[in-house]
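Here's the structure we're looking at; comments come further down.
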Amino acid sequence: MSELKDRLRADLTAAMKARDELVKGTLRMTLTAIGNAEVAGTEARELDDAEVLKVITKEAKKRAESAEAFAAAGREELAAQERAEGEVLARYLPAQLTDDELAELARAAVAETAAELGEQPGPRQMGQVMKRASAAAAGRADGGRVAAAVKALLVG
Numbered sequence: 000m001s002e003l004k005d006r007l008r009a010d011l012t013a014a015m016k017a018r019d020e021l022v023k024g025t026l027r028m029t030l031t032a033i034g035n036a037e038v039a040g041t042e043a044r045e046l047d048d049a050e051v052l053k054v055i056t057k058e059a060k061k062r063a064e065s066a067e068a069f070a071a072a073g074r075e076e077l078a079a080q081e082r083a084e085g086e087v088l089a090r091y092l093p094a095q096l097t098d099d100e101l102a103e104l105a106r107a108a109v110a111e112t113a114a115e116l117g118e119q120p121g122p123r124q125m126g127q128v129m130k131r132a133s134a135a136a137a138g139r140a141d142g143g144r145v146a147a148a149v150k151a152l153l154v155g
């Protein structure tokens, strides 16, 4: 069903043939996470591309957080391994938004919310604006970056 999942499997096979341990290990862990997501809940189901992308994004975020923690603990070799795995996963993620693109997206979300409310939204309407901005960013920017861009507009 999912083209992205099929691509991951094909790339895993290629990595196994090439004896690329980094890619092989990373893709196996990612496919396992996808499999776990498919059987989570009351009944098993196939994930679509958008759901597979969410799992890959979550895995990439885990790698970034782990790399940060290992680096802070002085374990640079483990941090480098986590960063390398994150780079493998980044191949499957959409291109990230630049700061300018993100600011424009946040401005559009504030304008839409202002049109709906009939007044300029303030910090109390952050949730409404975030809902729009997060939907527009759709995996192309980390939630923290989106929140920071929206907060800057609502406070300033």
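In numbering that gives the first Met the number 0, the protein residues as written are 0 to 155.
Positions of the beta carbon are idealized from the N, C-alpha and C atoms, including for glycine.
Beta-carbon separation (whole angstroms), Glu58 vs Thr29, contact threshold 8 Å:
5 Å
Below 8 Å on the Cβ atoms is my contact criterion, and I expect Val149 with Met125 to pass it. Report the Cβ-Cβ distance as a whole number of Å.
6 Å
Are Leu153 and Gly121 touching if we call contact CB-CB under 8 Å?
yes
Is the stretch 113-120 in contact with the stretch 83-102, if contact means three or more CB pairs nearer than 8 Å?
no
Option nearest Leu101 by Cα separation, candidates Gly138, Ala43, Ala14 and Leu21:
Gly138
Whole angstroms is fine: what's the gap from Ala39's alpha carbon to Asp48's?
17 Å
Just reading off the alpha helix (DSSP H) that Arg6 is part of, what are its end residues?
Glu2 to Ala17
How many whole angstroms separate the CB atoms of Ala108 and Ala147, which I take to be in contact at a CB cut-off of 8 Å?
Their Cβ separation, rounded to whole angstroms, is 13 Å, which puts Ala108 and Ala147 out of contact at 8 Å.
Simplified DSSP assignment, three categories, for Leu92
coil
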